[in-house]
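See below for the structure under consideration.
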Amino acid sequence: MNHWKQIFKRDWKSKLEEAEKEFQSYKQSDKLIYLQQAGNKLFSVVENFLMYKYNRRVRSHKDLQVLISNNQDDLYLLSQAVQLHYFFYNADLQMSRYDAEALYNGIKQNILSRLKNIK
Numbered sequence: 643m644n645h646w647k648q649i650f651k652r653d654w655k656s657k658l659e660e661a662e663k664e665f666q667s668y669k670q671s672d673k674l675i676y677l678q679q680a681g682n683k684l685f686s687v688v689e690n691f692l693m694y695k696y697n698r699r700v701r702s703h704k705d706l707q708v709l710i711s712n713n714q715d716d717l718y719l720l721s722q723a724v725q726l727h728y729f730f731y732n733a734d735l736q737m738s739r740y741d742a743e744a745l746y747n748g749i750k751q752n753i754l755s756r757l758k759n760i761k
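Reading the sequence shown from the start, the letters are residues 643 to 761 in our numbering.
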């Protein structure tokens, strides 16, 4: 296994745990910064998972889109996750906070389901 794949695989668990802690902090405090941070970690897990799945490390979001362009399910997952990434960097919620929460939870369930199949 490639060294970067080993690192990505180890990184998933810690990022998912941290994302969930931040999401719970958001739920308790109602401060959007925690939702932003949780969503961005989840975005990172999605990107790393997709590179792992396709066995190719890329350096940009555009390159990742090209890499997965033949799989609509993967493209949809990435397009959802990138919304949370933009929310983190732009600090501008283009949807209601309830929609952002639903997006976070849907992506989290999707990626957890996919990670179960990784050995």
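From the three backbone atoms N, C-alpha and C, an ideal C-beta is built for every residue, glycine too. As the structure is a computational prediction, the values presented were derived from the model and not from experiment.
Item: Here's the rule: buried if 16 or more other CB atoms are within 10 angstroms of the residue's CB, otherwise exposed. What is D716?; Value: buried
Item: With a 10 Å radius around its C-beta and 16 neighbouring C-beta atoms as the bar for buried, classify H645 as buried or exposed.; Value: exposed
Item: Do L757 and F650 have their CB atoms nearer than 8 Å?; Value: no
Item: Taking the continuous alpha helix (DSSP H) assigned at R701, which residues delimit it?; Value: Careful: R701 lies outside any alpha helix (DSSP H) and carries neither H nor E.
Item: Confirm, please, whether the CB-CB distance from L674 to A723 is below 8 Å.; Value: no
Item: By a C-beta neighbour count over all protein chains shown, 10 Å radius and 16 as the cutoff for buried, is E664 buried or exposed?; Value: buried
Item: To the nearest angstrom, report how far apart H751 and Y668 are at their CA atoms.; Value: Correcting the residue type first, residue 751 is Gln in the shown sequence and not His. So the alpha carbons of these two residues sit roughly 18 Å apart.
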